[in-house]
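A.B. asks: My numbering applies: residue 15 is where the sequence shown begins, and numbers increase by one. We put the beta carbon where it would ideally sit given N, CA and C, even for glycine. What you are looking at is a predicted structure, and each value in this text was computed from that prediction instead of being measured. Encoded as structure tokens, here's the structure I'll be asking about.
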Amino acid sequence: MTTESPTTVRAWRRERQAGGVPAVPGVVVVFANGRPCCRVICGNGKPLELGRSELGQEGVEDARISRRHVRVALDGAGWQVTDLGSCNGSFIQGTPFSGTVRVPSGSLVRVGGALLLLLADTLDFHRYGVGQSGGVITGPQLRKQLDTIDAARKVRMLKTLLVTGESGTGKEIAAQVFHGPDGGQAPFVAVNCATIPRDLAERLLFGSRRGAFSGATDAPGHLQAAHGGTLFLDEIAELPADVQAKLLRMLETGEVMRLGATTYERVEVRVCAATWRDLRGEVARGRFREDLYFRVGQPEVRLPPLRERREEIPWHVVDALDQSGAPWPLEASAAFIEACAQRPWPGNVRELRAEVRRCAAAACMESAVKLTTEHLSPTAGQPILRAESVPPHDEIAEALRAESGNVLGAARRLGVHRNKVRRWLERHRLGPESFKAT
15 MTTESPTTVR AWRRERQAGG VPAVPGVVVV FANGRPCCRV ICGNGKPLEL GRSELGQEGV
75 EDARISRRHV RVALDGAGWQ VTDLGSCNGS FIQGTPFSGT VRVPSGSLVR VGGALLLLLA
135 DTLDFHRYGV GQSGGVITGP QLRKQLDTID AARKVRMLKT LLVTGESGTG KEIAAQVFHG
195 PDGGQAPFVA VNCATIPRDL AERLLFGSRR GAFSGATDAP GHLQAAHGGT LFLDEIAELP
255 ADVQAKLLRM LETGEVMRLG ATTYERVEVR VCAATWRDLR GEVARGRFRE DLYFRVGQPE
315 VRLPPLRERR EEIPWHVVDA LDQSGAPWPL EASAAFIEAC AQRPWPGNVR ELRAEVRRCA
375 AAACMESAVK LTTEHLSPTA GQPILRAESV PPHDEIAEAL RAESGNVLGA ARRLGVHRNK
435 VRRWLERHRL GPESFKAT
């Protein structure tokens, strides 16, 4: 049993790049003695017996772990895990077991206060590890994608980047990497396109001239503010079609015309676009310009969801606790973190950290010092069930049918602003044409 030396890891890496090294199976300890960690234990192809001395951290042994607690061995595509008659038992994916069980690679094992990932290949953990730097927590899956973005940043001829992924996966962090640490005083301007009122999108992005409309002043837009730096357009799929056309022209010519102006002005800006939607699908449905997609969609980098980065969960839980503002130090039990790791977290990091803060408040109301599974809400991290179709008797749907898909007419019929109807359509991913009489 070994924790491989940097020299060995470099040799593996060279052989992997040459196509000659096989997978490096092993165990990754991601939580021990109440703190997150990343310790890789490899058996060189032999079964591993793990106990108190192997699973401690910083020389401190966990008394809840037996001297000889579990044996793990790679078995084809999965692992055989044997509890060696331990005093406190062992758990697979939160379920206690005895004797020998066979589990798939990637399974999480709890042994006392330690959490272990059983992996068919640990080389990425050797290479990247798991940790926190500059307030950002990364594991191998996220680190690889951020490295790809950093490589794209260094190719100065690349002026655009598309980052895709679910909400809460870290798309603004990716945009900051694209902007780069050498940005110096260059501006970084972040814009959430989903929050821009459609009627104001053009003015806010491209600026305006005095007299363009009632009360208009000479005002720069987000593009001018980002001149010499990076503009981050989060949720770019929410931009209106006419604004998409103007954005395309800016990307192709480097020129911007303010609302109410008659001449163009030059801007030098890199654009990082992001979306949780399938932009190709949006193009196919006629909701996003095909020419703009081909302009901003290369290169494209997908950020993996948190459920594919479970090694980061202990770090996020502990960091969220440290940042919670609790009146006394709070800890998270291994069982609490194990329970978090079993949930898909559709809201990803943002949802997980919000739930940890809520749990911290609940623990403080009980004068507790440790988070347990009882503090975790049954619905936290679970999928939100959505209706398969629009409710047939929804009042907005009925108004749209009555107005044959006319948004303004439906809004007048309901006595609401048209943006409410538009937001309803976007939420249900429908177009007004769906309600036209046939």
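1. Report the start-end ranges of each alpha helix (DSSP H) in the segment 56-114 that is 4 residues or longer and not cut off at the edges.
2. Decide yes or no for the touch test of the segment 121-131 against the segment 343-359: beta carbon pairs closer than 8 angstroms, at least 3 of them.
3. Label residue 12 either buried or exposed according to how many other C-beta atoms from any shown protein chain fall within 10 Å of its C-beta, with 16 as the threshold for buried.
4. Throw me the rounded Cβ distance for the residue 101 and residue 67 pair, which I believe falls under 8 angstroms.
5. Pull up the distance between the alpha-carbon of residue 194 and that of residue 366, whole angstroms please.
6. How would you label residue 116, buried or exposed, when you count the other beta carbons within 10 angstroms and need 16 or more for buried?
7. From the beta carbon of residue 201, is the nearest beta carbon of chain C less than 8 angstroms away?
8. Specify whether the segment 256-275 and the segment 142-150 touch according to this definition: at least 3 beta carbon pairs, one from each stretch, less than 8 angstroms apart.
9. Within its chain, find whatever has a CB closer than 6 angstroms to the CB of residue 192; leave out the 5 residues flanking it on each side and keep chain order.
10. List the whole-angstrom C-beta distance separating residue 185 from residue 89, where the pair is believed to meet the contact cut-off of C-beta under 8 angstroms.
11. Between which two residues does the alpha helix (DSSP H) holding residue 162 run?
12. Express the C-alpha separation of residue 179 and residue 440 in angstroms, rounding to a whole number.
13. Of all the beta strand (DSSP E) runs that stay within the bounds of the segment 178-248, which reach a length of 3 or more residues?
14. If you compare alpha carbons, which of 215, 245, 238, 339 is closest to residue 255?
15. With burial defined as no fewer than 16 other Cβ atoms inside 10 Å of the residue's Cβ, what is the status of residue 402: buried or exposed?
16. Can we say the segment 363-379 touches the segment 333-350, given the rule of at least three CB pairs closer than 8 angstroms?
17. Per DSSP, residue 118 forms a beta bridge with which residues?
18. Buried or exposed for residue 267, please, with buried defined as at least 16 other CB atoms from any protein chain shown within 10 angstroms of its CB.
19. Spatial neighbours of residue 387 within its chain, please: C-beta separation below 6 angstroms, excluding the five flanking residues on both sides.
20. Please report the residue range of the beta strand (DSSP E) in which residue 40 lies.
21. Excluding sequence positions up to five away, which residues of its chain have a Cβ less than 8 angstroms from the Cβ of residue 309?
22. Does DSSP put residue 398 in a helix, a strand or coil?
23. List the DSSP bridge partners of residue 286.
24. In angstroms, rounded to a whole number, what distance separates the CA positions of residue 231 and residue 221?
25. Could you give the C-beta distance for residue 438 and residue 398, rounded to a whole number, given that I count them as a contact under 8 angstroms?
26. Applying the criterion that 16 or more other CB atoms from any shown protein chain within 10 Å of the CB defines a buried residue, is residue 433 buried or exposed?
27. Touch check for the segment 318-334 and the segment 42-51: three-plus C-beta pairs under 8 angstroms?
28. Drop a sphere of 10 angstroms on the beta-carbon of residue 369, count the other beta-carbons inside from all chains shown, and report buried for 16 or more, exposed for fewer.
29. Between residue 364 and the rest of its own chain, which residues show a CB-CB distance below 8 angstroms, the 5 nearest in sequence each way excluded?
30. Just checking, does the segment 94-114 make contact with the segment 46-55 on the three C-beta pairs under 8 angstroms criterion?
31. Which residues in the same chain have their Cβ closer than 8 angstroms to the Cβ of residue 243, if we skip the five residues on either side of it in sequence?
32. For residue 439, which of helix, strand or coil comes out of DSSP?
33. With a threshold of 16 other CB atoms inside 10 Å of the CB of residue 298, please say whether the residue is buried or exposed.
C.D. replies: For this structure:
1. 66-69
2. yes
3. Residue 12 lies beyond the residue range present for the chain, which begins at 15 and ends at 452; the question has no answer from this structure.
4. With a Cβ gap of about 16 angstroms, residue 101 and residue 67 do not count as contacting.
5. 27 angstroms
6. exposed
7. As a matter of chain content, chain C is missing from the structure shown, which is built from one protein chain.
8. no
9. 163, 167, 175, 286
10. Rounded, the Cβ-Cβ distance is 39 angstroms, inconsistent with contact.
11. 154-168
12. 18 angstroms
13. 202-206, 244-248
14. 215
15. Note that residue 402 scores a pLDDT of 43, beneath 50, so its modelled location is shaky; the value from the coordinates is reported in the next line. Answer is exposed; the Cβ neighbour count stays below 16.
16. yes
17. 92
18. exposed
19. 349, 350, 353
20. 40-46
21. 174, 262, 265, 266
22. coil
23. 175, 246
24. 9 angstroms
25. Rounded, the Cβ-Cβ distance is 17 angstroms, inconsistent with contact.
26. exposed
27. yes
28. buried
29. 181, 182
30. no
31. 193, 197, 200, 201, 202, 203, 283, 284
32. helix
33. exposed
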